[in-house]
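Down below is the structure, laid out as structure tokens.
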Amino acid sequence: MAVLFQIHADEKNAVDYYILGKQAETAGDFYSAVEMYKSALILNENYFDAVRGLAHAYYGLEEYSESLKYVYQAEKLDSENTDLMNLEGRILLNTGKLNEAIDIFNSVLLIEENNVEAEFGLAELDIASGRVNTAEHRYENVLLVSPESRKALLALVMINDEVGNSDNAEYYLQQALKFYSDNSFVRLTAAKHYYHTGDIDESLYHLETALFLQPDFLDASILYCSIYLDSGNYDKVIDEIESILPDNGNESILWYLLGRAYDNKKQYTKALNAYARALSIRPDEDLSRIALENILIQNMPMDSELRARYSAYHIDLGMKNEARNMLHKARTEYRRALVIDPHSVDARLLYADICRRSGYTERYLLILTTLVEEGYESVDILDEIEIQESMTAQSVSERWNINQFAIEKERIKLSIFFSNSGMSHNEGGNILSEYMEYLLMGYENINVMSNEISDDFAYCFRNARNNKSDFFIIFNFQETDRAVAIRAEIYLSSTGNKLKTIELMRTGNQMIPEAGKAVAEAVHDLLPVYGRIINRKFDEIAVNIGLKDGISDNLELLILKKGSLELSKDDFSIVYDDDAVIGTFEVDQADELISDGNINVRGFFDMINPGDLIVVPETEKENPDTEVVDDAQMFYTGNLYNSITNIK
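Going letter by letter, the sequence shown gives residues 23 to 670 in my numbering.
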């Protein structure tokens, strides 16, 4: 304090500003560090330490392009400074330029064979690329050179916990505690390790020690709240968060956790306020938005003004997608808006128009006539109804006098399960389970039979069979601040055979909703399509599958005897005996959910009746695009990567 007072009291020179900048950087106050380093450079533009300090400060702010600019400026003053080279490597690593980062770190090792920071950089590269075992060996090699390296010891704790080797993790943790028992981050790592192994009392002991050593340690408080959230002690969570909010009111994760506590206590108004505050701080806080919307959908009065307020968000997104001619995305946003606020006339009209533009004329007409029946009529709407009624006079629905929106569809029955691990938001799996059920149920041929939190295969298999589902899916979400990835493992419920693994990653705005929509669509595209005959007139039949099921005019389908098909044990196809085929059906016209056409009888006797099955021959099916994303494995180690790069 005396040094700081003296510097402030006297006129400062470049070195004084540098000292203040370094102190701020060490304390994690990167904003003040930038200010002080720049003040030093005003007095001496070639002050190497200040330029290098700016590079580090901007790196701390995650302003990687600005950091790199000062790295290059500093390298003009010292071209072989290994600290700068390592910083450049880390910037390249964090911006996805992995090969360039490897070259930089290897260049450092050519200058200094045992440069620990370069080894750390290469180890983090290995983790980012999914080579966890290689990274583990690098950290072990660092310990041979520097047995007390805190970063290497803690990294090995985290790696071994990640791969399920708790004994090894315990060994390295004890080494770290031996050397650094008074370090709050080491205590936090210990708390996470014991939380991971289920020893909650030991975890709380280390958390309380961490908070004693550093009372304002936010990460420790967040873990403390997560533990009590898991145990159902919601009052403890609320008390802890409210005690630290005055100094951390701009931390969206705290408002999210507060929302979860109130949500679980069924104090929905308080939960809504907490989620809303999280969104005001971070509009891209997807899980808070989904949780808030779930409360509105399930628990708020239909006339709540909050429904209209949060429905407007999806209306706006839909209009932006529609302006880019992304009709499918626009339709999903308008649908979400209507689920949140079913009375929204704007959302209904926008959704109706998207249906019209997508070729679903009957649904468009249904929405307009329903609006008129509810009193929302206008000359324009009445004129449009008259036009559309004349245009649909020859539709399949009209000709067969069938309300296609009321008929029973053949549905594939799913049981879905979710893991809560991998989420940086505690209870994120609970929120996503509701959201994924909503997305999957948006398809007319899918019925979600059950939705539970578990990734234990035996439990999931048993429950899927008990629920008499056709398939079950175990979802695993991995989440960081910048990206989310989903792994969906799809199994046959009858045998437990794994049929497919879908992996995908999304970044940027709306990354969680976009990832969810993409995986739901991928699941839907894999599932078999079949229908039933709902009526017959001479050689013409009407069936309960249409445009939305991939049926098009002139497509030839098979007719099978009722009860003659079953799901394949090896893939997503439908299997049946050749003698089950009693005819073929050529589609003449397809509406949204039904179609009609002429039949051709196979064999001497005509045995085709309503209730018989309609299937698409294998040769007519397109292979759905469910390609695994190339960098999915990179992201599945994303949480481990973030944890290790944040070691203090």
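All residues carry an ideal CB built from backbone N, CA and C; glycine is no exception.
All of these numbers come straight from a predicted model, not from anything done at the bench.
- [ ] Quick one: grab the DSSP three-state call for A564.
- [x] It is a strand residue.
Open item on the list: If I measure Cβ to Cβ from T667 and keep anything under 7 Å in the same chain, skipping five residues before and after, which residues do I get?
Closed with: Hits under 7 Å: E146.
Open item on the list: If I follow the unbroken alpha helix (DSSP H) through S225, where does it start and stop?
Closed with: Residue range I222 to L235 is occupied by the alpha helix (DSSP H) that includes S225.
Task: Per-residue burial, L276 [other beta carbons within 10 Å of its own, 16 or more giving buried] - done: Buried.
Task: Test item: CB-CB of S89 and I64 under 8 Å - done: I64 is positioned such that its CB atom lies no closer than 8 Å to that of S89.
TODO: Note down the Cα distance separating E67 from E47, rounded to an integer number of angstroms.
DONE: Per the coordinates, the alpha-carbon of E67 lies some 20 Å from the alpha-carbon of E47.
Open item on the list: For a quick check, are the C-beta atoms of D634 and I604 less than 8 Å apart?
Closed with: Yes.
- [ ] For the alpha helix (DSSP H) holding Y284, just list the boundary residues, first then last.
- [x] Per DSSP, the continuous alpha helix (DSSP H) segment holding Y284 begins and ends at S274 to N286.
Task: Paired residues, beta bridge with R160 - DSSP - done: None, per the DSSP bridge assignment.
Open item on the list: On the DSSP letters alone, give me the boundaries of the alpha helix (DSSP H) that L178 sits inside.
Closed with: Counting along the chain, the alpha helix (DSSP H) containing L178 begins and ends at R172 to V185.
Open item on the list: On a Cα-Cα basis, can you pick out the residue from E97, I453 and M527 that is closest to L309?
Closed with: Between L309 and the set E97, I453 and M527, the nearest pair of CA atoms involves I453.
TODO: May I have the straight-line CA-CA distance separating R674 from R385, to the nearest angstrom?
DONE: With the chain covering only 23 through 670, there is no way to say anything about residue 674.
Task: Local Cβ density within 10 Å of M481, reported as buried at 16 or more and exposed below that - done: Looking at the sequence shown, residue 481 is not Met but Tyr. Answer is exposed; the Cβ neighbour count stays below 16.
Open item on the list: Is S302 near the ligand ZN - that is, is its Cβ less than 7 Å away from at least one heavy atom of it?
Closed with: This structure lacks the ligand ZN, and indeed carries no ligand of any kind.
Task: CB-CB length for D214 against L178, believed under 8 Å - done: Rather than Asp, the amino acid found at residue 214 in this sequence is Lys. 14 Å between Cβ atoms; not a contact.
- [ ] With a 10 Å radius around its C-beta and 16 neighbouring C-beta atoms as the bar for buried, classify M629 as buried or exposed.
- [x] It is exposed - the Cβ of M629 has fewer than 16 other Cβ atoms within 10 Å.
Task: 4 or more residues per run - each alpha helix (DSSP H) lying fully within the stretch 73-126 - done: Counting only runs of 4 or more, we get 86-97 and 104-116.
TODO: Look up S412 in the DSSP assignment and say whether it is helix, strand or coil.
DONE: Residue state, collapsed to three classes: helix.
Task: Local conformation of N473 per DSSP, three classes - done: DSSP places N473 within a strand segment (E or B) once states are collapsed to three.
- [ ] Measure the Cβ-Cβ separation of R353 and Y335 and say whether it is below 8 Å.
- [x] Against a cut-off of 8 Å, the Cβ pair of Y335 and R353 comes out as no contact.
- [ ] Tell me the start and end of each unbroken beta strand (DSSP E) in the stretch 430-486 that is at least 3 residues and wholly inside, in chain order.
- [x] Fully enclosed beta strand (DSSP E) runs of 3 or longer: 434-440 and 468-475.
Task: Collapsed DSSP secondary structure at N664 in the structure displayed - done: Helix, per DSSP.
Task: Cut-off 6 Å between Cβ atoms - residues of its own chain near S225, not counting five sequence neighbours on either side - done: Taken in chain order, the residues that qualify are A213, Y216 and Y217.
- [ ] Quick one: grab the DSSP three-state call for S590.
- [x] Assigned with DSSP and collapsed to three states, S590 falls in coil, not helix or strand.
Open item on the list: Give me, in chain order, the residues of the same chain whose beta-carbon lies closer than 8 Å to that of L115; leave out the 5 immediate sequence neighbours on both sides.
Closed with: Once the five neighbours on either side are set aside, the close Cβ partners of L115 are A123, G143, E146, L147 and A150.
Open item on the list: Three Cβ pairs or more, each shorter than 8 Å: is that satisfied between the stretch 383-398 and the stretch 406-424?
Closed with: These segments touch.
Task: Range covered by the beta strand (DSSP E) that runs through T354 - done: Segment L349 to I362 is the alpha helix (DSSP H) holding T354; no beta strand (DSSP E) there.
Open item on the list: Tell me the DSSP secondary structure of R3 in three-state form.
Closed with: Since the first and last residues shown for the chain are 23 and 670, residue 3 lies out of range.
TODO: Kindly indicate which three-state DSSP category V603 falls into: helix, strand or coil?
DONE: In this structure, V603 counts as strand in the three-state DSSP scheme.
- [ ] Output the boundary residues of the alpha helix (DSSP H) element that contains S248.
- [x] In this chain, the alpha helix (DSSP H) harbouring S248 covers L240 to D252.
- [ ] At 4 residues or longer, and completely inside the stretch 483-570: list those alpha helix (DSSP H) runs for me, N to C.
- [x] As far as the stretch 483-570 is concerned, its whole alpha helix (DSSP H) runs of at least 4 residues are 533-548.
Open item on the list: Looking at S617: is its Cβ nearer than 8 Å to the Cβ of I567?
Closed with: In terms of Cβ geometry, S617 and I567 form a close pair [threshold 8 Å].
TODO: Assign N423 to buried or exposed, taking buried as 16 or more other Cβ atoms, counted over all protein chains shown, within 10 Å of its Cβ.
DONE: Residue burial is scored here from C-beta neighbours: N423 has fewer than 16 other C-beta atoms within 10 angstroms and is therefore classed as exposed.
Task: Short Cβ contact (8 Å threshold) for Q95 with V73 - done: Yes, Cβ-Cβ distance for Q95 and V73 is below 8 Å.
Open item on the list: Using a Cβ-Cβ cutoff of less than 8 Å, which residues in the same chain neighbour L462 once the five nearest sequence positions on both sides are dropped?
Closed with: Around L462: L436, I438, I468, V470, A542, V545 and H546.
Task: Residue closest to F460, alpha-carbon to alpha-carbon, out of E432, Y194 and R358 - done: Correcting the residue identity first, residue 460 is Tyr in this sequence and not Phe. Of E432, Y194 and R358, the residue nearest in Cα terms is R358.
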